[in-house]
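Since the structure comes first, as structure tokens, the remarks are kept for the end.
Residue numbers (this note's numbering): 13 to 359.
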């Protein structure tokens, strides 16, 4: 059996913005500290994401959000920049100035009471102007979680899995405090794309398409589907562990089709759907999900540090998910073994 460990940690202080890779992060009940704290909100009070580049007021420019990077020092300052605008210096804003005002804004996620509206903090005209300059989106505002923000995890009717409790706090993430993916699953997807004859595309698809918080190494492809409870941490004199419910699969959308460097779209979602499409829990054809990664809810050990190199231990597997995995991807005895498969160099 191969040792499972954390190979990468990422946070996204700005929802839909560029990833910030870290060597360690503080795990809290609502997600990693600094993860999904800000969102872009339009003049009507609705969230803006790169999906809006397809149609609407921000058509043709919203995908630039993927390249806006936000660095956050909680309680002190945040900095905005974009790899697409090297001509603009990173701009910092002082969180201690107390210049925000509360607004009601719609947040992307599962249906919730009050039409998904929550109280957020608007960071003022200067931050809005900076964001507009970086993205080319007119009229957008930078908003964030504030003292009156109260949002919890909700059941997704398309997936059908119950969260561990009804009061699990949630950042501005769509559905869950954490998203876990595995390098083996990405490699398997790239392999399948390669053998479809899409050679160039197989090299272009990377983990940024799937926006995980925790990437793990040492699993079989899609083995993460089978887990029910895991813990991540380390033993020794300074032992620390965070226990997670492996709650539900993460259904994928057109966000996966954008190349993060060129911002051009490809057929990644189509290729994923070719072998990962799963009927929705409500039985509706429109609810079918192409899944990549697992949503996690922490149940014990927070707050605690999680670091690259930490061990992942599977405490419990889900019988139904394991049987589904066995039918689709391999014999049950293989679970827990190290994935190794000859592939073209570079994949």
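Just so it is clear, CB atoms sit at the ideal spot from N, CA and C, and this is done for glycine as well.
Just tell me which of the options has its CA closest to the CA of residue i.
| i | options | result |
| --- | --- | --- |
| residue 95 | 81, 87 and 113 | 81 |
| residue 103 | 113, 139, 178 and 315 | 139 |
| residue 159 | 58, 317, 40 and 114 | 114 |
| residue 146 | 251, 112, 92 and 272 | 92 |
| residue 225 | 248, 185 and 269 | 185 |
| residue 109 | 117, 101, 89 and 99 | 89 |
| residue 315 | 24, 19 and 38 | 38 |
| residue 58 | 129, 22, 215 and 105 | 129 |
| residue 182 | 229, 124 and 141 | 124 |
| residue 29 | 180, 267, 230 and 207 | 267 |
| residue 295 | 249, 177, 122 and 170 | 170 |
| residue 165 | 75, 310 and 15 | 310 |
| residue 122 | 173, 86 and 106 | 173 |
| residue 106 | 148, 87 and 161 | 87 |
| residue 52 | 132, 15 and 111 | 132 |
| residue 265 | 255, 319 and 277 | 277 |
Please list the terminal residues of the continuous beta strand (DSSP E) segment that includes residue i.
| i | result |
| --- | --- |
| residue 130 | 129-134 |
| residue 36 | 36-40 |
| residue 153 | 153-157 |
| residue 53 | 50-53 |
| residue 176 | From DSSP, residue 176 is part of no beta strand (DSSP E); its letter is neither H nor E. |
| residue 104 | 103-106 |
| residue 264 | Element bounds for residue 264: n/a, residue is neither H nor E. |
| residue 73 | Premise fails: residue 73 is in no beta strand (DSSP E) and is neither H nor E. |
| residue 270 | Segment: none, residue 270 is in no beta strand (DSSP E) and carries neither H nor E. |
| residue 81 | 80-85 |
Assuming residue i is part of the alpha helix (DSSP H), what are its boundary residues?
| i | result |
| --- | --- |
| residue 216 | 211-216 |
| residue 287 | 280-288 |
| residue 205 | 195-207 |
| residue 294 | That residue, residue 294, is in no alpha helix (DSSP H); it is neither H nor E in DSSP. |
| residue 332 | 331-341 |
Which residue or residues does DSSP assign as beta-bridge partners of residue i?
| i | result |
| --- | --- |
| residue 166 | In the DSSP output, where bridge partners are listed per residue, residue 166 has none listed. |
| residue 325 | 243 |
| residue 58 | 118 |
| residue 183 | Per DSSP, none; premise fails for residue 183. |
| residue 16 | None; residue 16 has no bridge partner. |
| residue 226 | 21 and 192 |
| residue 310 | 256 |
| residue 95 | Paired residues: none, contrary to the question. |
| residue 316 | 39 |
| residue 143 | Note: residue 143 sits in no beta bridge, so no partner. |
| residue 232 | Beta-bridge pairing links residue 232 to no other residue. |
| residue 27 | DSSP, once it has assigned bridges, lists no residue as partnering residue 27. |
| residue 277 | 270 |
| residue 303 | 263 |
| residue 89 | 85 and 106 |
| residue 160 | Note: residue 160 sits in no beta bridge, so no partner. |
| residue 33 | 22 |
How close, in whole Å, do the beta carbons of residue i and residue j come, if the pair is a contact with beta carbons under 8 Å?
| i | j | result |
| --- | --- | --- |
| residue 240 | residue 301 | In fact, because the Cβ distance is near 19 Å, the residues do not count as touching under 8 Å. |
| residue 61 | residue 84 | Not really, about 19 Å apart at Cβ, beyond 8 Å. |
| residue 219 | residue 258 | With a Cβ gap of about 19 Å, residue 219 and residue 258 do not count as contacting. |
| residue 324 | residue 242 | 6 Å |
For the ligand NAP, I want to know if residue i counts as a neighbour, meaning its beta carbon is within less than 8 Å of at least one of the ligand's heavy atoms.
| i | result |
| --- | --- |
| residue 48 | Among the components of this structure there are no ligands whatsoever, and the ligand NAP is therefore not found. |
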